[in-house]
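Chains as they are written, first to last, in this note's numbering: chain A, 1 to 279; chain B, 280 to 620.
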């Protein structure tokens, strides 16, 4: 991207320091110190209600920390102007609101919001960013269709196109594969992978599927009750003991026959049942 | 990766430019409506006489009717209609609720209660005296509704709609109580409470014009942010929209616009609801077109309803607030069905 060449010093490293995130009285993330490497794909995984999405909300400033800081390349994101941050960090929420009767292109155009000023006209750069976002997500043919009439997979790609049009070096995705069938899940993850390898984007995503996380992420963060149970390259951190400790599931972890990355194979149901009864 | 040298595809003009013919069409319709408002009424005046009265200082009785009564009435209709239309568009945008309008924020009820109380306590007798009581009541009610809806420094759209509705119910019952307690108040207030453009001079309009202007400027300034806000608070925030501040600015704009409108004309329902929906049919949901569109659609609907009220039971006339409520109720039913679907 054009913006990237100008600023070689940025690594897009997100880090948290003593981060407390709360909903009202409930402490979801407590005293978290975490470094998410720049220039890599990070997957955040963990059991339900472990604070994955809450952490992503904290990282993207949707949730203000009760204590501690979130820093992007060392600068506190809560002290940055909203627009400046939005030019560096994009976010796809888990369940975005689709306005009635909006076309795909109109939706994607809104991604240019942080780059526009009140009286500045729509520029060639804006249009080029929109065209490219449509092309990368394979939604160019859908540009004049209404978003609320698309299939789940098409709609998700349109939303990713919006985040791409924002043209940020860092992209946060909250469960981007939820509600999609297997093929569309893989399409989305392949797209994320391309964004990283072809244009050097830093990606942080919350995922449910451990195998997919191991396949597509360079860096894995396993959360348990708001604390990191493990963090590092998937092949180093993901093993049977960890899955047992975090998810309470007996399993084998074998090399994925396709990619060699760790693959979690839960034990047969009969044996799991037997151990549960015995325990 | 970005090919910056690539220019916008020919024929793909930025959408606001493509819509200029439609804006012109709306302006023509509005002009026709304003002309009808000058010519029609219990004493119909030919258009030629209207033009004479406007531009040649004619002094016939027809001319005096036009310059003395119908010009102020039409100008007030234009200003009030524009204020109500834009207030509705902004209210729907900040709450993401297609059924929101100044009425749902408690604005009309607040103005009504304040005016009725002032008539009762201070023995007021003329609409020009009600002006600031109405504005203050409207502003207080809207701010109270927004305080009820405040949560963690931001406005919760659902709580805003609920709070406004509850507040309206309470204020309307108090208003009734005051009127039932005093026949004199009932007599003075009932015509004002119907909402009307008649019997007002431009002196009533001038003091609120600056307020309307400020409200319009705020509304126009936040249109791009309202577009982003339509994607949900989270996406809007991720796009760099200061969501809480935009809601406060939008709320202020609605208070200034709708408060001024009710202060001048009394409570006129449904214009704030109908104008944005009419414009959406033509322009879609882009607030950069919606807000300017409501500047035309609001007065078009209000003046249209006012003219209708004058000719329907001529030589007598029906207050515009009654006409808009009569026409607006079925519209609300249709919208509610569409939203529920």
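For each residue, glycine too, the CB sits at the ideal point set by N, CA and C.
What you are looking at is a predicted structure, and each value in this text was computed from that prediction instead of being measured.
Nearest-angstrom Cα separation, counted from residue j out to residue i
i	j	result
residue 27 of chain A	residue 20 of chain A	7 Å
residue 344 of chain B	residue 528 of chain B	41 Å
residue 456 of chain B	residue 560 of chain B	41 Å
residue 268 of chain A	residue 244 of chain A	14 Å
residue 530 of chain B	residue 385 of chain B	12 Å
residue 427 of chain B	residue 380 of chain B	17 Å
residue 256 of chain A	residue 219 of chain A	17 Å
residue 216 of chain A	residue 173 of chain A	13 Å
residue 498 of chain B	residue 54 of chain A	33 Å
residue 358 of chain B	residue 504 of chain B	25 Å
residue 606 of chain B	residue 138 of chain A	46 Å
residue 227 of chain A	residue 513 of chain B	24 Å
residue 450 of chain B	residue 524 of chain B	28 Å
residue 477 of chain B	residue 373 of chain B	32 Å
residue 210 of chain A	residue 180 of chain A	16 Å
residue 506 of chain B	residue 57 of chain A	22 Å
residue 161 of chain A	residue 32 of chain A	32 Å
Reduced DSSP category for residue i - H, G, I as helix; E, B as strand; rest coil
i	result
residue 42 of chain A	strand
residue 287 of chain B	Any reading at residue 287 of chain B must be qualified, since the residue scores a pLDDT of 36, below 50, and its modelled position is unreliable; no value is offered.
residue 351 of chain B	helix
residue 415 of chain B	helix
residue 22 of chain A	strand
residue 154 of chain A	helix
residue 33 of chain A	strand
residue 260 of chain A	coil
residue 340 of chain B	helix
residue 375 of chain B	coil
residue 76 of chain A	strand
residue 174 of chain A	strand
residue 16 of chain A	strand
residue 573 of chain B	helix
residue 608 of chain B	helix
residue 383 of chain B	helix
residue 125 of chain A	helix
residue 408 of chain B	helix
residue 391 of chain B	helix
residue 616 of chain B	helix
residue 232 of chain A	strand
residue 180 of chain A	coil
Same chain only: Cβ atoms within 7 Å of residue i, ignoring 5 sequence neighbours per side
i	result
residue 196 of chain A	41 and 203
residue 225 of chain A	50
residue 22 of chain A	28 and 66
residue 468 of chain B	394, 395, 398 and 458
residue 600 of chain B	473, 474, 475, 545, 546, 547 and 548
residue 418 of chain B	534 and 538
residue 159 of chain A	92 and 96
heavy atom of the ligand SAH below 7 Å from residue i C-beta
i	result
residue 200 of chain A	What this structure holds is no ligand at all, so the ligand SAH is not there to describe.
Per-residue contacts from residue i into chain B (C-beta, under 9 Å)
i	result
residue 113 of chain A	503, 504, 506, 507, 515, 518, 519 and 520
residue 91 of chain A	513, 514, 516, 517 and 518
8 Å CB neighbourhood of residue i in its chain, flanking five on each side removed
i	result
residue 614 of chain B	377, 378, 552 and 556
residue 611 of chain B	378, 549 and 552
residue 460 of chain B	399
Own chain partners of residue i with C-beta closer than 6 Å, once the 5 adjacent residues on each side are dropped
i	result
residue 12 of chain A	38, 169, 170 and 202
residue 52 of chain A	44, 46, 206 and 223
residue 539 of chain B	362, 487, 490 and 491
residue 260 of chain A	none
residue 403 of chain B	397
residue 332 of chain B	342, 345 and 346
residue 414 of chain B	538 and 542
Inter-residue CB distance, residue i and residue j (contact presumed, cutoff 8 Å)
i	j	result
residue 246 of chain A	residue 96 of chain A	The pair is not a contact, with the Cβ atoms about 29 Å apart (cut-off 8 Å).
residue 421 of chain B	residue 534 of chain B	5 Å
residue 316 of chain B	residue 582 of chain B	5 Å
Partner residues on chain B for residue i, Cβ-Cβ distance less than 7 Å
i	result
residue 154 of chain A	Here the premise fails: no neighbours, minimum Cβ distance about 17 Å.
residue 71 of chain A	Per Cβ cutoff of 7 Å: no residues; residue 71 of chain A is ~18 Å from chain B at best.
residue 171 of chain A	Correct list: empty, because the minimum Cβ distance to chain B is about 10 Å.
Closer than 8 Å at the beta carbon, the chain B residues around residue i
i	result
residue 82 of chain A	516, 519, 520 and 521
Within chain A, the residues that residue i reaches when beta carbons sit closer than 9 Å
i	result
residue 564 of chain B	99, 100, 101, 102 and 106
Chain-ordered neighbours of residue i on chain A, where CB pairs are closer than 8 Å
i	result
residue 500 of chain B	118
Chain A contact residues for residue i, given Cβ-Cβ distances below 7 Å
i	result
residue 557 of chain B	By Cβ distance, chain A contributes nothing, its closest Cβ being about 15 Å from residue 557 of chain B, past 7 Å.
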